[in-house]
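Novice: Got a structure for you, written out below as structure tokens; questions coming shortly.
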Amino acid sequence: MTSKVVRSAAEAVADIADGATIAVGGFGLCGIPDALIGALADTGVGNLEVYSNNCGVDGHGLGILLGLGRIRRVTASYVGENKEFARQYLAGELEVELTPQGTLAERLRAGGAGIAAFFTPAGVGSPVADGGLPWRYRPDGSVAIVSPPKETRVFGDKRYVLEEGITADVALVHAEIGDEFGNLVFDKAAMNFNPLAAMAGRVTIAQVERLVEPGQIDPASVHLPGVFVQRIVETGPQTKQIEKRTTRETAGVQA
């Protein structure tokens, strides 16, 4: 079996082209492929279409690419703490498809499993199914593009909406441990959207904190098998960022 290890994050993302579709793992700032995103920002590519639970925060994660104006369209579950994300969307600079979180997860998994579409009850009776959600605004605040209505069907006595699977040109993910064949182990909650994004990518690039020799990962402990990973790069321990810090004054201690 051929090793999938590349020498640097820069080498790993060097052939990503303008206009690429990219699935990105992580949730907020937990388990994001920060080194790969930074390396991608350094390449100067733009007009990107991103599938991710959210778009990072200002100055971190996908927020870096967003701040540089490199992202054309985002399919996500929520805006989060990213003020620039909200500003670009409302100013008509960014197209945004907001979708229920579980639906987004299943769309990524379905795409990776070769499932073209599936029915789900999530969103039935709302603009998610009926259409009319604003995907892009005009600079004057009017709506330029709205979501189309989706097919619905009744199974048993319940109505479901048809959602399409997602595949992307490239997937960028973060894992705690990996081996040279691309088998990955994620750390606790950092597992989040990473396995799903990895499945959806035609070319999946994984940054890992620690690269180990083949056989050092117990097969029963593998969270994502190497068949889904085409490139792997060791980036070392990840610097932990806090998405939203909330503090209060400590009450005085009475004698």
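Under the working numbering, the first residue of the sequence shown is numbered 1178, with each subsequent residue one higher. Quick reminder that beta carbons are idealized off the backbone N, C-alpha and C, glycines included.
#1: When you compare the CB positions of residue 1350 and residue 1383, do they come within less than 8 Å of one another, or not?
#2: For residue 1183, which option in 1424, 1408 and 1225 has the closest C-alpha, if you only look at C-alpha atoms?
#3: To the nearest angstrom, report how far apart residue 1234 and residue 1333 are at their CA atoms.
#4: Can we say the segment 1346-1361 touches the segment 1393-1400, given the rule of at least three CB pairs closer than 8 Å?
#5: Using the Cα positions of residue 1309 and residue 1323, report the straight-line distance between them to the nearest angstrom.
#6: Going by C-alpha distance, which of 1300, 1404 and 1394 is nearest residue 1372?
#7: Would you mind stating whether residue 1263 and residue 1316 have Cβ atoms separated by less than 8 Å?
#8: Could you tell me which of 1216, 1255 and 1180 sits nearest to residue 1187, measuring between CA atoms?
#9: Tell me whether residue 1390 counts as near the ligand HEM, meaning its Cβ is closer than 7 Å to at least one heavy atom of that ligand.
#10: In whole angstroms, what separates the C-alpha of residue 1414 from that of residue 1386?
#11: Beta-carbon separation of residue 1363 and residue 1208 under 8 Å?
#12: Can you look up residue 1347 in the DSSP assignment and give me helix, strand or coil?
#13: Taking C-alpha atoms, which residue in 1296, 1303, 1327 and 1244 lies nearest to residue 1223?
#14: Please name the residue, chosen from 1325, 1265, 1311 and 1340, that lies closest to residue 1299 on a Cα-to-Cα basis.
#15: Just reading off the alpha helix (DSSP H) that residue 1217 is part of, what are its end residues?
#16: Would you list, in sequence order, the uninterrupted beta strand (DSSP E) runs of no fewer than 3 residues that lie entirely inside the segment 1246-1293?
#17: Output needed for residue 1389: all residues of its chain with C-beta closer than 7 Å, excluding positions within five of it in sequence on either side, in chain order.
#18: CA-CA distance, residue 1338 and residue 1291?
#19: Going by alpha carbons, who is nearest to residue 1190 out of 1214, 1325 and 1417?
#20: Give me the Cα-Cα distance between residue 1179 and residue 1220, rounded to the nearest whole angstrom.
#21: Are residue 1279 and residue 1205 closer than 8 Å when you measure CB to CB?
#22: Between residue 1307 and residue 1277, which are expected to be in contact by the criterion C-beta below 8 Å, what is the C-beta distance as a whole number of angstroms?
#23: Between which residues of its own chain and residue 1369 is the CB-CB distance below 6 Å, once the five residues before and five after are set aside?
#24: Residue ranges of each beta strand (DSSP E) run of no fewer than 3 residues wholly in the segment 1327-1402, ordered along the chain?
#25: Could you tell me how far apart the beta carbons of residue 1281 and residue 1254 are, in whole angstroms, since I believe they sit closer than 8 Å?
#26: Expressed to the nearest angstrom, what Euclidean distance is found between the alpha-carbon atoms of residue 1227 and residue 1393?
#27: Residue 1225 bridges to which residues according to DSSP?
Specialist: According to the data block:
#1: Cβ distance < 8 Å, so residue 1350 and residue 1383 count as in contact.
#2: 1408
#3: 42 Å
#4: yes
#5: 5 Å
#6: 1404
#7: no
#8: Ranked by Cα distance from residue 1187, the first of 1216, 1255 and 1180 is 1216.
#9: With respect to the ligand HEM, the structure shown offers nothing to examine, as it has no ligands at all.
#10: 5 Å
#11: yes
#12: In this structure, residue 1347 counts as strand in the three-state DSSP scheme.
#13: Among 1296, 1303, 1327 and 1244, the Cα nearest to that of residue 1223 belongs to 1244.
#14: 1340
#15: Run containing residue 1217: 1211-1220, per the alpha helix (DSSP H) assignment.
#16: 1248-1253 and 1272-1275
#17: For residue 1389, same chain residues with a beta-carbon under 7 Å away, outside a window of 5 residues either side, are 1354 and 1356 in chain order.
#18: If you take the alpha carbons of residue 1338 and residue 1291, they lie about 19 Å apart.
#19: Residue 1214 holds the alpha-carbon nearest to the alpha-carbon of residue 1190 among 1214, 1325 and 1417.
#20: 27 Å
#21: no
#22: Not confirmed; about 14 Å, so no contact.
#23: 1204 and 1208
#24: The segment 1327-1402 is shown to contain whole beta strand (DSSP E) runs of 3 or more residues at 1329-1332, 1335-1341, 1345-1356 and 1378-1389, in chain order.
#25: 5 Å
#26: Cα to Cα, residue 1227 sits roughly 34 Å from residue 1393.
#27: 1248
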